[in-house]
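Following: one structure in structure tokens, then a few remarks.
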Amino acid sequence: MIIGVAFCGCQAANVTIYSEDEIGVKRRSWQLKILVQSWKGKFSVEDVVVPIKDHESTQLGDKLESLWEKEVKSSKNPSLQKVLVKMFGLEFALYGLLYFPLDLAVCLLPPVFLKTIINYFTPNQTSTTKQQALLSGLIIVLSIFLRALIFHIMVLELSSFGVKIRIACCSLVYRKLLKLKCATIQKVSLGRIVNMLSNDAERFDNGFTFLHQIWSGPIKMVAAIGFLIFSYGYNSTVGLTAPVVYLLVQIFISKQIFSGRMRVAGKTDYRIRLLSDIINGIRVIKMFAWEKPFSKLINNARRFEIKEIKKAIFFTVTNYTFSTYLQKISVFLCIVTVIQSHDPLTPQYLFPVMTIFETLRFNISLMSWAVIKISECMVSFRRIQKLLLLEHLKEKNLDETADQYTKSTETGEGKVLGVCLNNVNAKWNPSLPNNTLSDVSLGVYSGELVAVVGATGSGKSTLLQVILKELEVLSGTLHVKGSVSFAPQEPWIFSGTIRENILFGEKMDDARYREVINLCCLEHDLSHLSHGDNTMVGERGVKLSGGQKARVNLARAVYRSAEIYLLDDPLSAVDARVASRIFHQCIQRYLKSKCVILVTHQKQFLQDVDKVLLLENGRVAASGVHNITKRLDNSDNICDETTQLAKCDVPNELDEDQGIAAASCYRKYFLAGHGWIITCLVFLLFVLTQLLANLFDYFLSFWANMSEDTTIVNVNIRNFLTDRNCLYISGTLLLVLITMSHFNTCVFVAYSKCASKNLHDSLFGKILGGCLSFFDNHSSGRILNRFSHDMGIADESLPVLMTEMIRIGLQVVGALVLIIVSDYTVIVATGVLLLLIYCYFRAFQPIITRISKVAGTRRSPLFTHMSASQQGLSVIRAFKAEKHLQHQFDKLQNLESSVYYLYKAVYYSFAFWTDITCACYASILDIKKQPFVAAISVGHVGLLMTQVLGVVTLVNDLTKIWVILNHYIFSVGRIVEYTDVSPEADQVTCSPPKSWPSEGNMTFSSVAMRYSADKSFVFKNLNLAIKSSEKIGIVGRTGSGKSSLISTIFRLYHFEGQIFIDGIDTKTIPLNTLRSRIAIIPQDPILFMGTLRQNLDPFHDYQDWQLWSALEDVGLKEIVSSLPSGLESEISEGGRNFSVGQRQLLCLVRAILRNAKIVILDEATASVDLETDEMIQRTVRKKFKGSTVLTIAHRISTILDSDKILMMDSEDGIKFNKTEEFLRDSNRYFGKFFSGSTTLRR
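If you count by the UniProt record's numbering, then the sequence shown holds residues 1 to 1242, one letter each, in order.
See below:
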């Protein structure tokens, strides 16, 4: 029955075999099932599937969003705190008001009735009878039982408010993210949002548990002070000096903690944003051998962050330290007053005063805890509110205006004007002097196919963003009639199956689905997968090739039934044969009745479109068909496929983080500090401090006892231990105690910062140096969870909790020792108490541990989901899929909150049982002492009773901290798990000279490559020789291994055989040396956070004129010069302030600056127009004339001037020969790849 009461709120999570109604009836059997499952190690996330109704994410998010929108509309200065007060304030206040009378009684009853018990044991007293003493003891025991019965239930309910606030705020933040303008999103880094959902939201979980103490604490203090004055006069108020001074200091400390938390949050945002960039661009970092500069960036960011964290932790721990000994300081001041009044220090005065001041100390500590936690929550509120107040897309009923406009624009053939732009002007950044689009006019009817062409950076993608209403129109008019489907230039693929990526929340229509798969040329790829379209693609489609991502991206757009289709360059990432099939069968025929706007660089298709729009520098240079096509050169594409899909032919389900044993986590944390010797010395300091505290209490008891019974010491000692000398001794002990305690604080803060710094450095070093396959199999959300949430706990929570754990644990031991010293006959009862607590520990440890591990895995999917949503905002909004994504986010939050609330319920059940046991222990000691009035001195009774009351409170605190600490310590386990990442193999047997490679000769000897031991070979038995300065074109089908070949050159994955560069086996060369001597222009043009200069030259190896010269070579000098800060211009997250084509040109600048003897172009011209492509080819021929160049290209014109061609075909094998040899029978060799190519026909 009692455990049922303790679990009264445990509807938070239902077990799969029970419905929600059944839990109310079978609650005990439900708990038993959870206990048994956890003991057996079989408890999993599937056992908790439904959240408590009050914790349902959708419900809370809807309500908070509604209230927030009203607040924004009605107030000039909207306040998130005000909205939350409206939402939860009344219910929260009622709980506090109902609990307050009981709380007040529990606080005041022990000191009030302890005086009666002390009087009863005073020799020769007649004022207190045995019955009165028994009644007083009974009341004290009952107050302890009352506290145990009510406290944990109330705290569980109050803490649930914090959980609800976290859930509501996280849901609101995600909804805001889905509404942010694309221009605004550049100001909000992924790291900042991840930090909000992890560290900031974490503050709410425990921030409101003791909020009521801020108002109830002073009332209880006034009541205690009133009793103090009533019982012992105004002289006793001298002891209040310490609490008053402490409260004044508390104001200063709270301000420091508040400002420190703001600074820490900013530094953490910056570090997480850097880490997000690094994780997403890890392939580029490894290929460019940029680990050192990025490691330096992270180390610098971490150093500043640790500095701020150390300050904040110092103030927090110092605050706890002085609050711990506040009672002793107050009692000592009262004793000083007594001695100055020439009165003796009696047990009747000392022990009740000690109890009263302990009550004051406890309440001040709760108030202090509440103030600190609320200060942290206020920082989090302010940061979240700042995000919520960012400008977002305006919700207008655009369809109505479109209807009114298009009624008069229907043609005689029944066609409707779907898209109409009239003199539209727009730009991404309001601070830029020039518009991105200027005076653009365009009209597209249903059944029309319009192609938009132009040079890189001319505004093609921006035009589509304007039509999508992602970019606000500054002037002119825009009208859109009908629903829109959109395929972005950069394929947006989220972690899930191929089918999920295509359907994207749409209902399954099997016939339509199969038709779309066929139209997008995906049937061949799916047939080679054992799980077909149920194959997991990994985050960002990491396990798909570039062409496959493009086709899945297109299939999603085509599958959606819409009136308007916006296709942003979907054909550049597929070979000419596939492009021709997609264009003619899918775009031209299947979508023939639709309004289609196609951005493309494929000029061969322009003759088949209804209209062509040519953009130059954001303006319409020409419009029509024939007058444009004559201006454009004919050119073609070739295949582009990259990484083979076979890398992932089984579903990659989210595995449950198994973690490691708690003991191992502690060991790893302590070893990360300064090793075992320093750890033991630090612990020894805490032990010595506690010995001093016990000695101080015992000496006061001895002093008071001596005043009642002078026979307990001999005359010489009695003559020495005068009241004045005793005062000096106790004062000295107190001073040394406080000094030692503060010294402990400083030492442990430094120790903990060393531990968290080493953990972070080890984690980052292992991640940065890990195999690329690790990033293929682990989502960025899971990795960022280690660096944000888990690292945040190691940085800020563990030091405070460990300090309190050690201090309170030693206080419990010290109190039990004093109890036994006071009355050795209670040693059996004390042993039973310890045995029962140990049994509870053994019973609950596996449960809490298991639930903690499960809970630890539930936040990573939230980060992954949020990250994917941020990357695909324009697609999500074009598909009107915000509600669908919100629902998915809410489902993930429900799963996380269910497990977390179950953890809370089990934790408070454990605390409940320990409190009940301590109450029984107190009652036994109270009953036992009554028959031995003559045998026990009054001093020992007072010491025993004060220590017993202290043990009850301390054990409760110790239980709470132990459970939280054991929950948090698994964050260290999750960090340590990722430090076991397999490093890249680097068996160095030779160190080539700085001039290596001086020639650029390459020899492949029996090279075979596969991505893991359980996968089939991508290619094998590759033997070829490439001479110095040769230009090699590489072509092949999807999955033939073209990009895998590039990976072997950079040793990104393990391969068999040998690759020699200028006669040296690349496996014997240091990885950093190998990669830094080869230049590559990768398929995915990645730009990192920082300045443009840092992106081009992170080592600062080049002069300004060299950078400007390289920019001029690729045609970007004018664009960069127009930026306000030139080379020092900041790159937005993901490089969004540059077009995809411009980003590829910046990658070419990196290669030019490196001036390597071996240069690799991995589909480097995929996202640029023909003119830019030709310019790049001219630049490559000029700048890399003496270099060996390997080119994987889209256009046949790009490789036809190569010296040799490497043809990789899984059917016909690998062929390597001179280009002329292939051209002699071009249809045989090139036909399957380049069918329909006008260049090939010529």
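C-beta: ideal position from N, C-alpha, C; glycine also.
Legend entry - DSSP three-state assignment for residue 1031, whether helix, strand or coil: strand
Inset, instruction - Determine the direct distance from the alpha carbon of residue 1093 to that of residue 1086, and round the result to whole angstroms. - result: 14 angstroms
Inset, instruction - Pick helix, strand or coil for residue 819, following the three-state DSSP scheme. - result: helix
Inset, instruction - Leaving aside the five residues before and after residue 670 along the sequence, list all residues of the same chain whose C-beta is less than 6 angstroms from its C-beta, in chain order. - result: 679
Inset, instruction - Whole angstroms is fine: what's the gap from residue 1203's alpha carbon to residue 1017's? - result: 28 angstroms
Inset, instruction - Compute the beta-carbon to beta-carbon distance between residue 482 and residue 615, rounded to the nearest angstrom, for a pair I have assumed lies under 8 angstroms. - result: With a Cβ gap of about 24 angstroms, residue 482 and residue 615 do not count as contacting.
Legend entry - Helix, strand or coil at residue 486 according to DSSP, with G and I counted as helix: strand
Inset, instruction - Might you give, ordered along the chain, the residues of its own chain that have their beta carbon closer than 6 angstroms to the beta carbon of residue 1079, omitting 5 neighbours on each side? - result: 1151, 1154, 1156, 1159
Legend entry - Enclosing alpha helix (DSSP H) for residue 722 [first to last residue]: Looking at the DSSP string, residue 722 is not in any alpha helix (DSSP H), and its letter there is neither H nor E.
Legend entry - Residues of its chain near residue 840, where Cβ-Cβ distance is below 8 angstroms and the 5 sequence neighbours each way are ignored: 910, 913, 914, 917
Legend entry - DSSP three-state assignment for residue 560, whether helix, strand or coil: coil
Inset, instruction - Could you please give me the residues that DSSP links to residue 1160 through a beta bridge? - result: 1080, 1190
Inset, instruction - Within 10 angstroms of the Cβ of residue 983, are there 16 or more other Cβ atoms? Answer buried if so, exposed if not. - result: exposed
Legend entry - Buried or exposed by the 16-neighbour rule on C-beta atoms within 10 Å, applied to residue 717: exposed
Inset, instruction - Would you mind working out which of 927, 997, 950 sits nearest residue 111, comparing C-alpha positions? - result: 950
Inset, instruction - Would you check if there are 3 or more beta carbon pairs closer than 8 angstroms linking the region 122-138 to the region 54-67? - result: no
Inset, instruction - Specify, as a first and last residue, the run of the alpha helix (DSSP H) that residue 348 falls within. - result: 347-388
Inset, instruction - Just confirm the distance between the C-beta atoms of residue 384 and residue 196, as a whole number of angstroms; I'd bet it's less than 8 angstroms. - result: 6 angstroms
Legend entry - Among 1014, 895, 943, 760, nearest to residue 977 - alpha-carbon criterion: 760
Inset, instruction - In angstroms with no decimal places, state the Cα-to-Cα distance between residue 901 and residue 160. - result: 8 angstroms
Legend entry - Residues near residue 219 in its chain [Cβ-Cβ closer than 6 angstroms; skip 5 each side]: none
Legend entry - residue 363 to residue 370 span [Cα, whole Å]: 10 angstroms
Legend entry - Three-state secondary structure assigned by DSSP to residue 450: strand
Inset, instruction - Have a look at residue 1223 and residue 588 and give me their C-alpha separation to the nearest angstrom. - result: 31 angstroms
Inset, instruction - Just mark residue 830 as buried or exposed, buried being the case when its beta carbon has 16 or more other beta carbons within 10 Å. - result: buried
Legend entry - residue 203 beta carbon less than 8 angstroms from that of residue 380: yes
Inset, instruction - Only counting runs of 3 or more residues, tell me where the beta strand (DSSP E) segments fall wholly within the region 1069-1133, in order along the chain. - result: 1078-1081
Inset, instruction - Sort 88, 122, 129 by Cα distance to residue 157 and report the nearest one. - result: 88
Inset, instruction - Tell me, please, whether the region 481-500 touches the region 540-560 by the rule of three or more beta-carbon pairs shorter than 8 angstroms. - result: yes
Legend entry - Inter-residue spacing [alpha-carbon to alpha-carbon] between residue 494 and residue 504: 10 angstroms
Inset, instruction - Could you tell me whether the Cβ atoms of residue 857 and residue 355 are closer together than 8 angstroms? - result: no
Inset, instruction - List the DSSP bridge partners of residue 1055. - result: 1009
Inset, instruction - Determine the contact status of residue 547 and residue 573, defining contact as a CB-CB distance below 8 angstroms. - result: yes
Inset, instruction - May I ask which residues mark the beginning and end of the alpha helix (DSSP H) holding residue 942? - result: 938-978
Inset, instruction - Could you tell me whether the Cβ atoms of residue 1006 and residue 1062 are closer together than 8 angstroms? - result: no
Legend entry - Cβ shell of residue 1243 (< 7 angstroms), same chain only, five flanking positions each side left out: Lying outside 1 to 1242, the shown extent of the chain, residue 1243 is not represented and no answer is given.
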